[in-house]
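Have a look at this one:
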């Protein structure tokens, strides 16, 4: 069964550094998402992406964040200058459509630790 | 705004006993409800969803969920728990605004099944 994959599984970085989290969505999916979960808190929506542009973003997704689909398979989340409060588990998801019955499929997550 | 609540951080049950993981929702419009499970070091795996129709929804691994409109609940159930069911369970509601939908997740419930 196809799966969403994410790399790395764990990223440790210093405050102020840039990080890029990588995701490979399921191959025939067209809609891509990033969510995050701060330890002990809810999984929160960050951004959705379709047709090479952001379709919706949350208030969390400020100018420090960007997403890109650099080639036909990868979907990346970049944090330009990390802050301590960016420490969280970041989940990528993909979906074939956005209809009522469509499901989003999630990757295993990248745990980001900002020191 | 859409939201879901999972009132229990943890549920403990003995193997072979029935289990229930609770979820209540608050939505404007029709509720589109999902359950996901997360095993250690794995992504959020889709279990089941309620879109419309029969209030009892059957999903993967023998799980089912009962949609109750009057109580605004969508509790996850299984008649006989297995040790391998031990995991983190997330309830989610889908927001169909703008047609590029996003999920709102609950805080998660850790299910412990003891042999």
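Residue numbers (my numbering), protein chains in the order written: chain A, 1 to 115; chain B, 1001 to 1115. Ideal Cβ placement from N, Cα and C applies to all residues, glycine included.
The beta carbon of residue 1064 (chain B) sits closer than 8 Å to the beta carbons of 1048, 1056, 1057, 1058, 1076, 1077 and 1078 from its chain, once the five residues preceding and following it are set aside; these are given in chain order. In summary, residue 41 (chain A) is exposed, with fewer than 16 beta-carbon neighbours lying within 10 Å of its beta-carbon over all protein chains present.
In the structure shown, residue 1044 (chain B) adopts extended strand secondary structure according to DSSP, grouped into three states.
The Cβ atoms of residue 1010 (chain B) and residue 1025 (chain B) lie no closer than 9 Å to each other. Annotation for residue 36 (chain A): the continuous beta strand (DSSP E) segment containing it runs 31-37. In the three-state reduction of the DSSP assignment, residue 86 (chain A) falls in the helix class. Contact between the region 91-110 of chain A and the region 1011-1025 of chain B is not established, with fewer than three Cβ pairs separated by less than 8 Å.
With distances taken between CA atoms, residue 1110 (chain B) lies nearest to B:1088 out of B:1006, B:1052 and B:1088.
Nearest CB-CB separation between residue 44 (chain A) and chain B: below the 9 Å threshold. The alpha-carbon separation between residue 79 (chain A) and residue 51 (chain A) amounts to approximately 21 Å.
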